[in-house]
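J.: One structure is given below, represented as structure tokens, and several questions about it will come after.
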Amino acid sequence: MEESTKEISESTTQPLTEEEENFAKIKNLAKESYRLLDQRKFTEAGEKLSALLELDPNNTYGLVGMGDLYFKMKKPAQAIEFYDRCLKADSSNKFSLMGIMNSYRDLNQLKKVIEVAEEYRHIMVTDASILSRVADAHRKLKNFKESEIYYMQALQINPSDQYVIVGLGHLFFACQRYQEAIKWWEKLLSTQPRNIKILTEIGNSYRKIKEYDKAILYYEKARELDSKNFFALYGLAESHRGKKNFSDAIEYWEAILKFDPDNKLIINRYADSLRGMGDYDKALECFNRILSTGDDYYAMLGKAASLRLIGELPQAEDIYFDLREKYPMDPRPSVELADLWYHTDREEEAIFLLDELCKRFPSNTDIADRLETYKTGS
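Throughout, the numbering used here is defined as the position within the sequence shown, counted from one, plus 475.
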């Protein structure tokens with residue numbers, strides 16, 4: 476019995492083979508490098524990963540780890556090299572496929588995101604996260620039909636995937652299918668009732684279809700969670716402006732300007748609301764304040780409209796002529812100039828100008844309708 480125990484003891488203490496030692500080293504290096512990556516100790520992680528790949532140049536843990544290292548260091552081009560090496564060594568490695576797609580996305584090479592996913596389609600069709608990234612890329616490229624197809628495929632794999640649901644909300648909003656966007660945002664809100672971004676997205680969708688009271692309801696919920704949230708305040712101001720409640724709109728524009736006093740967009744909107752209330756002088760002050768720092772298309776339009784309303788027609792006309800020269804492919808300054816002429820007994824000039832605009836912009840039905848109204852006097 477003692478002899479048998481001695482034999483077992485001796486057998487368990489036999490030295491490891493070189494292959495076993497290398498495997499143990501690689502395993503420990505992989506474990507340690509990923510721990511360091513999680514702690515964002517990039518230099519130390521890089522050293523461990525380099526040592527690992529020196530022992531085994533095609534080790535998938537090492538290649539993915541090195542890709543993740545460069546990706547986290549915001550060096551996506553270098554990350555791609557390692558993810559690509561990993562996919563060549565293991566064509567079914569979904570972590571390297573996800574990594575290379577994320578890297579191309581960070582480089583704004585959206586077509587490459589789609590191309591590489593299609594190249595490894597056998598991985599893509601089994602993973603909702605990968606499908607949703609393809610759908611995202613198509614959406615940003617305005618390939619809306621393809622985007623919807625990929626989102627729906629992802630949803631079949633994981634019906635509760637929040638990234639897919641978010642993507643569908645963004646997709647239908649971009650397609651101007653606002654009711655469908657609301658459906659998906661509401662689905663997400665049921666599990667995240669305090670998510671400010673979702674609340675404001677629903678508000679934005681209702682505002683787009685001019686259901687301002689519903690929009691206000693969601694913006695107010697968002698503001699309850701964050702009283703200074705820019706998007707909630709902006710949505711409230713725009714909704715009240717849409718309802719022509721200019722005094723309420725002004726209250727929210729002023730709330731934004733307290734913490735963002737030089738925001739030209741907000742100053743323009745604020746000035747528009749002032750003009751809506753008939754406070755033309757204060758509106759002009761705002762537009763001039765913006766223009767004192769350089770040209771601004773919307774401030775110039777707003778100033779011209781304000782000058783028209785206080786009877787400073789030659790100055791307004793000069794601004795419209797200037798805008799027409801600077802923005803020849805934008806019909807709005809010409810349309811507003813035609814309005815000015817039409818309402819100051821220069822009907823023939825207004826009709827002639829709109830007629831020319833109809834020829835240049837034949838698909839613009841608003842111009843055609845306005846021309847018809849001016850011709851018939853209705």
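Each residue gets a CB set at the ideal place from its N, CA and C atoms; glycine is no exception.
Rounded to whole angstroms, what is the Cα-Cα separation between A621 and D543?
T.: Inspection of the sequence shows that residue 621 is occupied by Glu rather than by Ala. Going from the Cα of E621 to the Cα of D543 covers about 29 Å.
J.: Would you identify the three-state DSSP class for I765, choosing helix, strand or coil?
T.: I765: helix per DSSP, three-state reduction.
J.: If we count the other Cβ atoms within 10 Å of its Cβ and call it buried at 16 or more, is G642 buried or exposed?
T.: G642 is buried by the Cβ-count criterion.
J.: Between the region 683-699 and the region 732-741, do three or more beta carbon pairs fall short of 8 Å?
T.: Result no; under three Cβ-Cβ pairs closer than 8 Å.
J.: Hey, which unbroken runs of the alpha helix (DSSP H) at 4 residues or more fall wholly within the region 557-597?
T.: Listed in chain order, they are 569-581, 585-594.
J.: When the Cβ atoms of the region 709-722 are set against those of the region 746-758, are three or more pairs found closer than 8 Å?
T.: Yes, they touch.
J.: Using C-beta distances below 6 Å, list every residue in its chain close to V588, excluding the 5 sequence neighbours before and after it, in chain order.
T.: Closer than 6 Å at Cβ, skipping near neighbours: M576, Y579, R580, A612.
J.: Buried or exposed, going by whether 16 or more other CB atoms sit within 10 Å of the CB of D747?
T.: When all chains shown are included, D747 counts as buried.
J.: Given this structure, state the Cα-to-Cα distance separating K772 from G678, to the nearest angstrom.
T.: Sequence check: residue 772 is Tyr here, not Lys. Looking at the two C-alpha atoms, the distance is approximately 27 Å.
J.: Quick one: what does DSSP say H613 is sitting in, helix, strand or coil?
T.: H613: helix per DSSP, three-state reduction.
J.: So the candidates are V591, L562, I673, V810; which of them puts its Cα closest to the Cα of A707?
T.: Per the Cα distances, I673.
J.: To the nearest angstrom, how far is the alpha carbon of N534 from that of F557?
T.: When rounded, the distance between both Cα atoms is 11 Å.
J.: With 16 other CB atoms within 10 Å as the buried threshold, where does E495 fall?
T.: E495 should be labelled exposed.
J.: With a floor of 4 residues, list each alpha helix (DSSP H) that falls wholly inside the region 638-674, ordered by position along the chain.
T.: You should have 653-664.
J.: Taking the alpha carbon of K586 as the reference point, which residue from K685, R608, N503 has its own alpha carbon closest?
T.: Cα-wise, what sits closest to K586 is R608.
J.: Please classify H818: does DSSP put it in a helix, a strand, or coil?
T.: Correct three-state label for H818: coil.
J.: Please classify D701: does DSSP put it in a helix, a strand, or coil?
T.: D701: coil per DSSP, three-state reduction.
J.: Can you find at least 3 beta carbon pairs, one from the region 772-788 and one from the region 738-746, that sit closer than 8 Å?
T.: Taking 8 Å as the limit for Cβ pairs, the verdict is that the region 738-746 does touch the region 772-788.
J.: Between the Cα of H645 and those of S635, P634, K658, spot the shortest distance and give me the residue it belongs to.
T.: If we check each option's Cα against that of H645, K658 comes out closest.
J.: What do you get for M599, buried or exposed, if any count of 16 or more other CB atoms within 10 angstroms of its CB means buried?
T.: Buried, since its Cβ has 16 or more Cβ neighbours within 10 Å.
J.: Determine, using beta carbons only, whether A603 and G574 come nearer to each other than 8 Å.
T.: Result no, Cβ atoms of A603 and G574 do not sit closer than 8 Å.
J.: With a Cβ-Cβ cutoff of 8 Å, do L832 and S809 count as a contact?
T.: In this structure, S809 lies closer than 8 Å to L832 by Cβ.
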